[in-house]
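For the sequence shown, our numbering gives the first residue as 2, with consecutive numbering after it.
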Amino acid sequence: MRRRLTLCLIILMVMVIVLSGCKSQETNKPEATATPAPSARETAAPEETEPSGSEMLEADPNVYATGMPIVKDKITVSIMGAKHPIHGEWSNMVFFKIMEEKTNIAFTYNTPAWELFTEQKNLAFTTGSYPEVFFGAMLTPKEEVTYGSQGILLPLEEYIDKYCPNIVAMFEQNPGLRASITAPDGHIYSLPNYTTAPLAMAAQPNWVNYEWMKALGIEESDLPTTLDGLYELLVRFKTEDPNGNGQADEIPYTFSDKVGDGLFNNFLPPFGIPSKRAFVTSDGVVKYGFLEPNFIHFLEFVNRLWEEKLIDQDSFAQDWSAKTGKSQSNLVGMTVEAVPDTAFGIPEPEEAVKYPMMPAWGTQYSPQATLRTTGLATGTFAITDKCKNVEAMMRWVDYLYSEEGSLLIHYGPEGNLYRVLPDGMFEYIIPTDGRGVEEKRGGEITPDCGLPLPKWVRPQTETNWNSVLQQQRAAQVDKKLWPYAVLPMPNLFFTLEEQEQLDIITIDLYKYEDENAVKFITGELPLSEWSKFTDQLKKMGVEELIRITQAAYDRWKAAQ
């Protein structure tokens with residue numbers, strides 16, 4: 002039976018917990034079917050009742066079987082996750098404070114900086130200094146299989162079936178999802194971030210500087226749908242002084258990525274190549290982007306942009322903050338970002354909505370094409386063998402897959418970032434300190450900003466907003482990107498033996514690819530040496546990698 006949860010009483014529920022310190026939510030039932038966006042009246046929160054002693058779990062007498070709080074006596078659990086540049090301190094975030102009040106579970110935090118996180122995570126595994134729980138740790142399938150087989154990451158499937166009705170409901174309503182997060186040994190070692198909303202599944206878009214468009218007399222309908230048209234637009238951004246300061250300081254396009262994935266994600270699909278590495282064709286054949294004939298044409302295009310300084314020459318070296326600092330200073334014509342207000346530093350939605358999304362592009366080699374994701378980000382939550390409160394943490398994370406919990410981790414409680422209107426729609430509360438909504442969300446409300454965290458995002462969570470900016474984003478994705486979106490590859494798991502083979506191949510292969518691809522883009526290596534590059538990939542085992550990936554894809558396909 003589906004219990005509709007409410008937005009408008011989230012903050013009331015929190016107040017009740019704070020004031021009484023002893024009440025709890027009676028039910029935490031999974032939803033049976035997907036339904037339209039709820040109204041405030043329809044989604045009234047379940048009454049909170051005090052758990053009785055008879056409701057304690059047999060496996061852990063300190064854990065209540067249902068309701069809130071989750072534990073009778075307060076516990077503290079160590080977690081580790083990646084701190085995105087937009088994040089404030091996790092310990093000060095509203096989400097964690099409210100969850101502590103609701104559940105009686107507190108945390109100690111180890112949050113290395115985003116750019117250092119992979120190194121620190123690897124070090125934690127190597128030295129044995131890993132936490133009880135990984136939260137927002139971006140665990141890879143390789144790490145799940147490797148450390149799951151070693152007993153460091155615990156299998157979660159039995160706990161899911163016993164204590165996680167919301168996760169079970171997510172599996173039931175989305176056939177194939179459970180198989181997609183199950184390792185080849187049959188175990189589930191991590192929980193995902195899952196969404197079915199096109200707004201969240203489309204590739205991160207390119208946003209265009211409206212002030213520059215206005216200065217050059219460019220209408221949104223004039224934005225290019227081909228890469229040739231994009232080139233012409235970037236040239237105008239470079240040469241016609243659109244910021245009006247009389248200086249040649251314009252940066253037509255900027256990104257921040259030392260290996261250039263932003264360039265590949267944006268410009269490879271129009272050449273008929275969904276990924277620089279492994280991808281699967283519509284007839285189920287695994288291919289490899291670097292080996293595709295059209296890859297050389299992609300390089301010719303981006304090298305031309307680089308040589309003519311239509312791409313920011315700092316793009317491979319700068320971090321996100323440096324990139325955003327430029328785009329928010331009216332120095333950039335186009336940039337990749339989740340939202341235009343963050344991209345160009347426009348906190349007022351009525352103004353930010355004027356900054357349009359760039360359409361998908363096509364070429365003579367392919368019609369318009371852009372990337373999409375599976376809607377599934379694996380590795381967002383895992384429990385290690387150090388955890389002394391597994392049942393409690395599984396109940397804690399299951400709440401985030403309820404509609405109420407998903408909203409809480411995604412946007413925080415009502416009254417901080419949004420309010421609920423009489424018709425049940427959500428409305429942003431615009432910060433008064435000059436920050437954009439996303440900057441406040443990631444700075445003080447929740448780490449679920451720039452970082453995939455465990456939750457189940459229903460479409461209405463993204464679209465049920467009385468917000469011109471949110472409506473603009475959804476409408477533009479639906480019109481400009483989603484009809485042309487292609488999925489390179491579903492989420493795959495490899496067996497331990499396959500993973501060992503891949504490790505041997507990729508440890509040198511990926512480094513060689515990344516280093517040399519950047520050199521081809523920047524002209525440090527001439528394109529005349531491209532055939533030598535691809536020959537070397539074959540010598541390094543790329544064809545064996547393709548064979549292994551094909552086997553994993555075939556298993557995934559058979560399990561659907």
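By construction, the Cβ of each residue, glycine as well, lies at the ideal position given by its N, Cα and C atoms.
Buried or exposed (CB count within 10 angstroms, at least 16 for buried), Q473: For the purposes of this step, residue 473 is identified with residue 472 of the sequence shown, where counting begins at 1. Burial call: buried.
Does the region 399-406 come within contact of the region 251-267, defined as at least 3 CB pairs closer than 8 Å? no
For G149, the three-state DSSP class (helix, strand or coil): The sequence position of residue 149 within the sequence shown is 148, counting from 1. Helix, per DSSP.
| Between the CA atoms of D61 and D515 - distance to the nearest angstrom | The count along the sequence shown starts at 1 and reaches residue 515 at position 514. The count along the sequence shown starts at 1 and reaches residue 61 at position 60. Going by the C-alpha atoms only, they are around 49 Å apart.
**Item:** Residue from F345, S79 and D313 whose Cα sits closest to the Cα of Y211
**Value:** On the sequence shown, position 210 is the one that residue 211 refers to. It is F345 whose Cα lies nearest to the Cα of Y211.
Problem - Three-state secondary structure (DSSP) of V340 - result: In the sequence shown, counting from the first residue as 1, residue 340 sits at position 339. Correct three-state label for V340: coil.
**Asked** Sorted by chain position, which residues of the same chain lie with C-beta nearer than 8 Å to F268's C-beta, five sequence neighbours on each side aside?
**Response** Taking the sequence shown and counting its residues from 1, the one referred to as residue 268 is at position 267. If we look at F268 and ignore the five residues flanking it on each side, its Cβ neighbours are L228, F299, F302, V303 and W362.
- Can you tell me which of the three DSSP states A107 falls into? Residue numbering aside, residue 107 sits at position 106 when the sequence shown is read from its first letter. Looking at A107 - three-state DSSP - the assignment turns out to be strand.
message: Using a Cβ-Cβ distance cut-off of 8 Å, determine whether V438 contacts chain D.
response: Any reference to chain D falls outside this structure, which holds one protein chain only.
Using alpha carbons as the reference points, say which of A203, L332 and Y485 lies closest to G247.
-> On the sequence shown, position 246 is the one that residue 247 refers to. Comparing Cα-Cα distances from G247 to each of A203, L332 and Y485, the minimum goes to L332.
Exercise for the section: Taking only the alpha-carbon atoms, compute the straight-line gap between P47 and L482 and give it to the nearest angstrom. Expected result: In the sequence shown, residue 47 corresponds to position 46, counting from 1. In the sequence shown, residue 482 corresponds to position 481, counting from 1. Because the pLDDT of P47 is 35, which lies under 50, any placement of that residue in the model is unreliable, and the question is left without a value.
Nearest-angstrom beta carbon gap, E392 and Y160 [assumed within contact, 8 Å]: The count along the sequence shown starts at 1 and reaches residue 160 at position 159. The count along the sequence shown starts at 1 and reaches residue 392 at position 391. The Cβ separation is near 7 Å, so the contact holds.
Original post:
In this structure, does DSSP put T77 in helix, strand or coil?
Top reply: In the sequence shown, the residue the question calls residue 77 occupies position 76. If DSSP states are grouped into helix, strand and coil, T77 belongs with the strands.
Every unbroken alpha helix (DSSP H) within the region 380-409, with a cutoff of 4 residues, ordered by chain: 391-400
For this session: Closer than 6 Å by C-beta to Q561: which residues in its own chain qualify, once you throw out the five before and the five after it? Chain order, please.
Result: Counting from one through the sequence shown, the residue named residue 561 turns up at place 560. The answer, listed in chain order, is G177.
- When the Cβ atoms of the region 417-428 are set against those of the region 478-495, are three or more pairs found closer than 8 Å? no
Which two residues bound the contiguous beta strand (DSSP E) that contains A279? For the purposes of this step, residue 279 is taken as the residue at position 278 of the sequence shown. Counting along the chain, the beta strand (DSSP E) containing A279 begins and ends at A279 to V281.
- Quick one: Cα of L528 to Cα of Q314, how far? Here residue 528 corresponds to residue number 527 of the sequence shown, with the count starting at 1. Here residue 314 corresponds to residue number 313 of the sequence shown, with the count starting at 1. Approximately 19 Å between the Cα atoms of the pair.
By DSSP, does R420 sit in helix, in strand, or in coil? Within the sequence shown, residue 420 is the residue found at index 419, counting from 1. It is a strand residue.
Tell me where the alpha helix (DSSP H) around P166 begins and ends. The sequence position of residue 166 within the sequence shown is 165, counting from 1. P166 to Q174 is the span of the alpha helix (DSSP H), which, as asked, contains P166.
Practice task
Would you grab the beta carbon distance between R442 and I430 for me? Rounded to a whole angstrom, and I think it's under 8 Å.
Solution key: As a position in the sequence shown, residue 442 is number 441, starting the count at 1. As a position in the sequence shown, residue 430 is number 429, starting the count at 1. The pair is not a contact, with the Cβ atoms about 11 Å apart (cut-off 8 Å).
Quiz item: When the Cα of S79 is compared with those of T67, F97 and H88, which residue comes out closest?
Solution: Here residue 79 is taken as the residue at index 78 of the sequence shown, counted from 1. Taking only the C-alpha atoms, the option nearest S79 is F97.
Check your understanding: When the Cα of Q365 is compared with those of V340, P271, W213 and W115, which residue comes out closest?
Key -> Here the question's residue 365 lines up with position 364 in the sequence shown. Comparing Cα positions, the closest option is P271.
Using a Cβ-Cβ cut-off of 6 Å (strictly less than) and excluding sequence neighbours within five positions of Q471, which residues of its own chain qualify?
To locate residue 471, count along the sequence shown from 1; it is residue 470. So no residue of the chain qualifies.
Notebook entry, point to check: Count the other CB atoms within 10 Å of the CB of E415; is the residue buried (16 or more) or exposed (fewer)?
Noted result: Along the sequence shown, one-based indexing puts residue 415 at 414. Label assigned to E415: buried.
*asked:* Quick check: what's the CA-CA separation for W213 versus E220?
replied: By one-based count along the sequence shown, residue 213 stands at place 212. By one-based count along the sequence shown, residue 220 stands at place 219. Cα to Cα, the separation comes out at about 11 Å.
Buried or exposed: which applies to Q500, given that a residue is buried once 16 or more other Cβ atoms fall within 10 Å of its Cβ?
The residue given as residue 500 occupies position 499 in the sequence shown. Q500 comes out buried.
*With V236 and L311 assumed to form a contact (beta carbons below 8 Å), what rounded beta-carbon distance in angstroms separates them?*
Along the sequence shown, one-based indexing puts residue 236 at 235. Along the sequence shown, one-based indexing puts residue 311 at 310. Confirmed, about 7 Å.
Check your understanding: Under 7 Å from any heavy atom of the ligand MG, does the C-beta of S468 make it?
Key -> Here there are no bound small molecules, and the ligand MG is not part of this structure.
Looking at C-alpha atoms only, which residue of M541, A170 and H411 is the closest neighbour of Q461?
Locating residue 461 in the sequence shown gives position 460, where the first residue counts as 1. Among M541, A170 and H411, the Cα nearest to that of Q461 is on H411.
Helix, strand or coil for I252, going by three-state DSSP, please let me know. In the sequence shown, the residue the question calls residue 252 occupies position 251. DSSP places I252 in strand when its eight states are reduced to three.
Note to self: My output table needs one value for P432: the three-state DSSP class, helix, strand or coil.
What the structure shows: Stepping through the sequence shown from its first residue, residue 432 is reached at position 431. Note: P432 maps to coil in three-state DSSP.
Problem - Between the CA atoms of D386 and M1 - distance to the nearest angstrom - result: As shown, the chain starts at 2 and ends at 561. That puts residue 1 outside it, with no answer to give.
Burial state of R305, where buried means 16 or more other Cβ atoms lie within 10 Å: Locating residue 305 in the sequence shown gives position 304, counting from the first residue. Burial call: exposed.
Suppose contacts are defined by Cβ-Cβ distances below 8 Å. Is W208 in contact with T336 by that definition? Here residue 208 refers to the residue found at position 207 when the sequence shown is read from its first residue. Here residue 336 refers to the residue found at position 335 when the sequence shown is read from its first residue. Their beta carbons are under 8 Å apart, which means W208 touches T336 by this criterion.
Inter-stretch contact at 8 Å, needing at least 3 Cβ pairs: the region 171-186 / the region 485-499: yes
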